[in-house]
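The structure appears right after this line, and notes come after that.
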Amino acid sequence: MGGPSLMTADIPRAVRSPVDPETLAQFSSSNGLYHCLFAEQFDRPIIERLIKLTDHLRALTKTKAGDDFVASVLSNKRAMLYFSQPSTRTFLSFQNACHILGMNTCEIRDPRTSSQMKGESFEDTIRTFASYVDLIIIRHFENGFAEHAARTLQGTHRPVPIINAGAGTYQHPTQALLDVYTMNRYLPGGIDGKTLMLVGDLQRGRTVRSLALMMRNYKDVRILFVSPPQFRMMPDILGALKDSGISYEETEDFEGALAQADTVYMTRVQDEHDTAGESRTVDIGRYCLRPEHLRFMKKSSIILHPLPRRDEIHPDVDADPRAAYWRQERNGLWTRAALMAVTLGIENILLERKA
Amino acid sequence: MGGPSLMTADIPRAVRSPVDPETLAQFSSSNGLYHCLFAEQFDRPIIERLIKLTDHLRALTKTKAGDDFVASVLSNKRAMLYFSQPSTRTFLSFQNACHILGMNTCEIRDPRTSSQMKGESFEDTIRTFASYVDLIIIRHFENGFAEHAARTLQGTHRPVPIINAGAGTYQHPTQALLDVYTMNRYLPGGIDGKTLMLVGDLQRGRTVRSLALMMRNYKDVRILFVSPPQFRMMPDILGALKDSGISYEETEDFEGALAQADTVYMTRVQDEHDTAGESRTVDIGRYCLRPEHLRFMKKSSIILHPLPRRDEIHPDVDADPRAAYWRQERNGLWTRAALMAVTLGIENILLERKA
Amino acid sequence: MGGPSLMTADIPRAVRSPVDPETLAQFSSSNGLYHCLFAEQFDRPIIERLIKLTDHLRALTKTKAGDDFVASVLSNKRAMLYFSQPSTRTFLSFQNACHILGMNTCEIRDPRTSSQMKGESFEDTIRTFASYVDLIIIRHFENGFAEHAARTLQGTHRPVPIINAGAGTYQHPTQALLDVYTMNRYLPGGIDGKTLMLVGDLQRGRTVRSLALMMRNYKDVRILFVSPPQFRMMPDILGALKDSGISYEETEDFEGALAQADTVYMTRVQDEHDTAGESRTVDIGRYCLRPEHLRFMKKSSIILHPLPRRDEIHPDVDADPRAAYWRQERNGLWTRAALMAVTLGIENILLERKA
């Protein structure tokens, strides 16, 4: 799946992190965010603003009058969801966040129904989207696709902001944003000084890559990378952490790490990126959270998962009060609405309205 | 078609009717309906309420001011259409009913674009939908899917109502509701005392199963089941009718039944449920309504069909004033809007508004 | 692609232009347009009205108050997009035009998810759409499909307008409308007296066929048909031009024509209509616009393309001020909104509102 690799020969398949400051500056605006492509774009002040706005949106939308106000501000804007990889969660999360903000949406989910069938270049496709809508949300199997889309539009008469909703094995910045929002909300005292345990297919998991980069905004944090040897975190991320003075450890000791973690972040094997079924040769049974593990964990810790899950978290764990993944998922709705509100310049209009 | 049977091993393929009262109570709320899963949930008082509200919605929406009022009450609600079987009519009927009520909609119609591709369990998928929307409308090829979805959500922090928009060969309660609305509207004096003739593939037709169950709410009704022997109505439905004292007859005499019927309800062969093309061996030519049959029929009778049709009703029959299937189809829009209005608790707000 | 040719045996595959006046009258209303099926329906007064309304819509929607007003007039109407051929541009253009007008939309894009799978006739499918919505926009691979849909509905109790969004190799009237709007807007002094150069696969290009027919509304225009011999314009269009006294020339001299043209209208090879890959045997390299050609062209000329493009226009041409195809594409949004506003009878309500 993931659609044919049409006309994308010029998009780099492997993209290193962290992105250099010149590139970041290129995609930002004076209010801090325009295109949202990389986790590196979220510095601490932007994160704090987004957390504040997310909380405010949640409060505003506790009444129908608040809902209707929130939906009135961007009622004349239109968003496009271009998802060339299968997705339920991120797609629905963004689409419903658009609806919360009052935006109409349109979507291309299946490359077979689009003009790429007719041999159109990717650049022309993106310019076409920009002709019709005010915001483009992209999920793609190519690592640099969203960035390339943003660059393509920068040179045109009608640039519109691009939001990266998941790019290949590279980045998933809005997932990292909602993860940070969730940790900040449920960890006593917030994220500073806490230990984050990342478990699973760290090599190809764009979510954990983006989240690790975001951790550089916090003080005295520690990251435990827990994976089978075949799925270790890539050197570019480890290098970025080292350069930022973030303490981390790589280990295969799942149970030992559990006892230390404030956040236990589970992920699934990303076998859609297999080239020859290599995931089947890796035993991940040791990296699955089962009810018997809960007693090893700190009382104040939380369990997260970007979802969808397979066997990484036993369904019986759901009943534990530390299981926060369903709340995490729903937080995505509000953080994405907040992000798009900032992108489209209505942050202050929303903040000025009393909840 | 119908999508792969992913993670649904635990859903019972064969579900017997009628559903027991304890189960029914489980899925209802104090206002009578919460999840809408079975025809058995519609007792006569609920049917009468829904007919009244449907009529009121039709009256309200005769003016733009009325339309705009109706669309304002649920403007902050969002519905999800999860259709894993091909559908035009029911899908569009529900989606446009949502739009009449002012709700935004999102949809998953093709399992290949969703996270079930990534091995997510059905329960997790449903919880995810519930994270983002206020109502989930489900069509599925598995008989007990919608019920299983409702049960899954009942145990969570964010239950939302489930509406069954067609489940395998088992039930299609909202179709039966619109059928009852249509008969009540066009049969002189209503449904009590009338004869309903159900024709076609009665064995696998979820529509006729649900409709037969709904007839138990009416007095002195009689049902004629007309089918080739291979497609006879299943014993569970016949048993439910017998237990309720509903008079019925099974026959292969199409023309004889035509002369007695107040409602002639035609259906197509449900060959999507064939396992080895067995439908091709059944001659249904004798069970097709052609212009020459019209003279056998009562003047005051009506012809219904859940649609889509193949050869069961000759297109030349459409011109006969008794042909009510196109009006029946459009009635679905309003009955479904009324049902969702009750489900989401705005029945009284609508009724208080003068048409 | 294009979906299975189900139940469409009775639709004529080859449809000749121009359409006779009796047929045109059949599909029009007293305000000039009801169904929009053929380029021949656009006479000069209608074109001028649509240009005026398009300009007014652009002006109105320069403010949020204007946007909100425009979106309020049809807030109770619903449109259906039935696209059985792959499309990005036309689909998104219409859908977003609907959203600009405040209409809700629903869509069937993939025949596999619809009831045609269940053997429903095309006529029944169209009647079903008409049951639920107020306007149907159709793209289909069959030449006469939209016309057949309109005829089907004319005899029913619930006719709704049909808009042809591209029919086989036959016509694409709304593309021609936006092309005319674009030429009128950017050519100094408008279209009268100008030379239009149509380049590419003229035989199977529905866009150039419709546009050529529209040219009959203008005075002293001249058309240069530039194509390889295998892709020459069909005799029916040439005959229609001759009968209307429109001057035209067929040539293979691309560069010679470039020097004379006021509008250079490029098109791609329509190889989706190949029956045996015949397009691959045609050399179109000589009919591609490259930067070195720009010096042959008039200073005041414009370059158009219905898009998507392949190699017909080199991307480096985009930077030339005469390259108008991206503006042309965006103009489609506004001309289609204007067309639907006329179709649905709100032209005057919009015009009365000061921009």
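The listed protein sequences correspond, in order, to chains W, V and B.
Note that the first sequence covers residues 3 to 357 in our numbering.
Note that the second sequence covers residues 3 to 357 in our numbering.
Note that the third sequence covers residues 3 to 357 in our numbering.
Idealized CB from N, CA, C, for every residue including glycine.
Please read these numbers as outputs of a predicted model, since none were measured by experiment.
By the C-beta density criterion, W:Gly-146 is buried, having at least 16 other C-beta atoms within 10 angstroms. Taking W:Thr-337 as the centre and dropping the five residues before and after it, the same chain places the C-beta of Thr-56, Leu-179, Leu-180 and Tyr-183 closer than 6 Å to its C-beta, in chain order. Contacts with chain B at 8 Å (Cβ-Cβ) do not include V:Glu-251. Interface annotation, V:Trp-336: not in contact with chain B, CB-CB separation never under 8 Å. Counted as a single uninterrupted DSSP element, the alpha helix (DSSP H) harbouring V:Glu-354 occupies residues 349-354. With its beta carbon at least 8 Å from every one in chain W, B:Asn-78 lies outside the interface. Its Cα nearest to that of B:Leu-83, the residue B:Ala-132 stands out among B:Ala-132, B:Lys-120, B:Leu-59 and B:Ser-123.
Burial of B:Glu-349 is indicated by the presence of at least 16 other C-beta atoms within 10 angstroms of its C-beta. Within chain V, no residue has its CB atom less than 7 Å from the CB of B:Glu-50, the nearest being about 29 Å off. Three or more Cβ pairs drawn from the stretch 27-40 of chain V and the stretch 159-168 of chain V lie within less than 8 Å of each other, which places the two stretches in contact. A straight-line Cα-Cα distance of about 20 Å links B:Val-228 and B:Ala-326.
Sixteen is the threshold: since fewer than 16 other Cβ atoms of the shown chains lie within 10 Å of the Cβ of W:Ser-302, the residue is exposed. Around the C-beta of B:Pro-20, 16 or more other C-beta atoms lie within 10 Å, and the residue is accordingly described as buried. With a 10 Å radius around the Cβ and a threshold of 16 neighbouring Cβ atoms, W:Gly-168 comes out buried.
In the structure shown, W:Thr-253 falls within a strand segment according to DSSP collapsed to helix, strand and coil. The secondary-structure analysis by DSSP pairs W:Leu-226 across a beta bridge with W:Met-199 and W:Glu-251. Under the criterion of beta carbons closer than 8 Å, B:Phe-233 and B:Gly-258 do not qualify as touching, at roughly 18 Å.
W:Thr-265 sits in a strand when the DSSP states are folded into three classes. When secondary structure is reduced to three states using DSSP, W:Glu-109 falls in the strand class. Here W:Phe-85 carries a strand assignment [DSSP, helix/strand/coil]. Cβ contact annotation for V:Gly-195 (same chain, cutoff 6 Å, sequence separation greater than five): Asp-222, in chain order. W:Thr-65 is classed as exposed because its beta carbon has fewer than 16 other beta carbons within 10 Å across all chains shown. Residue contact check for V:Ser-302 against chain W: no CB pair falls below 8 Å. Cβ-Cβ separation between W:Met-268 and W:Ile-315: approximately 5 Å, consistent with a contact (criterion under 8 Å). One finds nothing in chain W with a Cβ atom closer than 9 Å to the Cβ of B:Arg-208; even the nearest lies about 14 Å away. A contact between stretches requires three or more CB pairs, one per stretch, nearer than 8 Å, and the stretch 201-217 of chain V meets this requirement with the stretch 242-256 of chain V. W:Ala-152 and B:Pro-190 have their C-alpha atoms spaced approximately 34 Å apart. Beta bridge pairing from DSSP links W:Ala-326 with no other residue. In the structure shown, the three-state DSSP call for B:Ile-305 is strand. Under the three-state reduction of DSSP, V:His-142 is assigned to strand. Residue-level contact check: B:Arg-312 touches chain W, since one or more beta carbons of chain W fall below 8 Å from its beta carbon. For B:Gly-168, the enclosing beta strand (DSSP E) stretches over residues 164-169. When DSSP reads this structure, W:Ile-315 sits in a beta bridge with W:Leu-291. 8 Å or more divides the Cβ of B:Phe-44 from the Cβ of B:Leu-26. Neighbours of B:His-101 in chain W, taken as residues at a C-beta separation under 7 Å, are given in chain order as Arg-80 and Asn-106.
In the DSSP assignment, W:Leu-179 falls within the alpha helix (DSSP H) that extends over 175-188.
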